[in-house]
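The structure appears right after this line, and notes come after that.
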Amino acid sequence: MLFSDARNHPVMTTDTASTIGKLSALIVDPTIGQVLALRLRKTTGPGDTLHWEDLTAFGPDAVTIPTAAAVTSARDRAAELDDKAAELIGKRVLTDTGNDLGAVADIDFDPASGTIISLVTPGGPVYGDRLRGCGSYAVIVTDT
Amino acid sequence: MTLLVRASDLVKRPVVTLAGEDVAQVKDVVFDGSSGEVSGFTLNGRGVFAGPLRVALPIAAVTAIGGDAVMITDEAVLVERGDVAHATDLAERDVLGDRVLTDTGVDLGTVVDVILQVGAATDVVGYEVKTAPALHHAGRRVLIPLPDTLSVSGEALIVPARAVEFVAQDLAGFGAAIEAFRTQLRGDGDAVQ
């Protein structure tokens, strides 16, 4: 699933069937190519982060969670990554040999596991297993 | 993958860690005065108001030089500036402007730029020279291949006379010229033994 298609997905509880926020961003660990958490906006409670292990399903039309309590503040690794430096979209992709592949236009991920399938760039997909890191300047990927 | 670049083109190139942070940019390429090899880079900070940094980047700590960035593992590999540009070792000695002579005593011209082969390892493979009258394109800029090892002093650079046969006009054909030149030099060495 492309992040551009999943953005603004409603996040719904299965116990009360109410919308408690909308998906605004993916918090990705670039060293393992995995979505760790979802950042939400327009949340009804105090938290704005939904950790991957706490969600029931990432469906084609909505993200479901068991109860509103699943939305918390970011913790552990997700808290470390939850800032501008870890944002992938719009950032330049640089190979570990120092060549620029263009900016990340979109992220293709597996909604079942949260694994990053590829980064969508002007030159074509850069597969998730090439991810090495992401900082304020660039997303670093291994050269092919 | 290897790539030929002019040393002057590396100036201002960002120095980026494998974690994706741009920690500096290249200020100047430092050559070792005795061997003619690249010993490292002096650095400027990033950003409009950033000036020269106290730290420098030794060539051994570079993981790769690409078309868009110089890659390092992390900021910890940067060393004191003096460790790269040794004060006693003709500090930041500029090969630019030096005269290039063949071992048969022909003046080829003056060095205007240094050609580096970059990638996983960095090697000085040629000079861009503004030609003296000895070459048929006097006053033009040509690329002269260098042998694996080279004699350099503060006054002049001595290259084998045969280098003249492998002069290239641009970087596109230069890679093959270097290979052919070095292969022939090595071939000569074997024949003597």
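Each protein sequence line maps, in turn, to chains A and B. Numbering-wise, the first sequence is residues 176 to 319 according to our numbering. Numbering-wise, the second sequence is residues 30 to 222 according to our numbering. Using N, Cα and C, we set each Cβ at its ideal position, and we do this for glycine too.
Burial state of B/Phe78 (16 or more Cβ within 10 Å): exposed
Where B/Glu121 falls: helix, strand or coil (DSSP): Its pLDDT being 44, under 50, B/Glu121 is placed unreliably in this model, and the coordinates cannot settle the point.
Inter-residue spacing [alpha-carbon to alpha-carbon] between A/Gly310 and B/Asp132: 50 Å
Short-range partners of chain C found in the region 76-88 of chain B, where Cβ spacing is below 7 Å: Here chain C cannot be found, since the structure's protein chains are A and B.
Short Cβ contact (9 Å threshold) for A/Pro122 with A/Ala181: Here chain A covers residues 176 to 319 and nothing more, so residue 122 of chain A does not appear.
Cutoff 9 Å: A/Gly204 Cβ touching any chain B Cβ: Note on residue identity: the sequence assigns Asp, not Gly, to residue 204 of chain A. By this cut-off, A/Asp204 is not an interface position.
Backbone secondary structure at A/Gly303 - three-state DSSP: helix
Neighbourhood of B/Ala167 by C-beta, 8 Å cutoff - its chain only, sequence neighbours within 5 removed: Thr160, Ala161
For B/Val147 and B/Leu32, the rounded distance between their alpha carbons: 5 Å
Closer than 9 Å to chain A by CB, B/Val112: For the record, residue 112 of chain B in the displayed sequence is Asp; it is not Val. Output row for B/Asp112: interface = no.
Under 7 Å (Cβ pairs) to chain A, residues found in the region 196-214 of chain B: none
Proximity to A/Trp227 [Cα-Cα], best of A/Arg250, A/Glu262, A/Leu276, A/Tyr312: A/Arg250
DSSP three-state assignment for A/Leu215, whether helix, strand or coil: strand
Nearest-angstrom Cβ-Cβ length linking B/Leu172 and B/Gly155, presumed shorter than 8 Å: 5 Å
Test: B/Leu47 CB closer than 9 Å to a CB of chain A: yes
Cross-chain neighbours of A/Thr296 in chain B, by beta carbon under 9 Å: The premise fails here: A/Thr296 is roughly 14 Å from chain B at the closest Cβ pair, so nothing lies under 9 Å.
Partners in chain A for B/Ala93, counting only beta-carbon separations shorter than 7 Å: Asp271, Thr272, Gly273
Bounding residues of the beta strand (DSSP E) (the contiguous stretch that carries B/Ala185): 185-188
Closer than 7 Å at the beta carbon, the chain A residues around B/Asp51: Tyr312
Straight-line gap, A/Asn274 to A/Met187 (C-alpha atoms, nearest Å): 42 Å
Buried or exposed by the 16-neighbour rule on C-beta atoms within 10 Å, applied to B/Gly134: exposed
Inter-residue CB distance, A/Gly265 and A/Ala278 (contact presumed, cutoff 8 Å): 6 Å
Check whether A/Thr139 and A/Ala243 have beta carbons under 9 Å apart: No answer is possible for residue 139 of chain A: the residues shown for chain A start at 176 and end at 319.
Local conformation of B/Gly204 per DSSP, three classes: helix
Residues that B/Val99 contacts on chain A, provided the C-beta gap is smaller than 9 Å: Gly273
7 Å CB neighbourhood of B/Asp127 in its chain, flanking five on each side removed: Thr139, Val140, Ala185, Leu186
Closer than 9 Å to chain B by CB, A/Lys266: yes
Neighbourhood of B/Val221 by C-beta, 7 Å cutoff - its chain only, sequence neighbours within 5 removed: Model confidence at B/Val221 stands at a pLDDT of 43, short of 50, so the residue's coordinates are unreliable; what they give is reported in the following sentence. No residues qualify anywhere along the chain.
Same chain only: Cβ atoms within 6 Å of B/Phe210, ignoring 5 sequence neighbours per side: Pro174, Phe195
Residues bridged to B/Asn73 (per DSSP): B/Gln54, B/Pro81
Closer than 9 Å to chain A by CB, B/Gly96: yes
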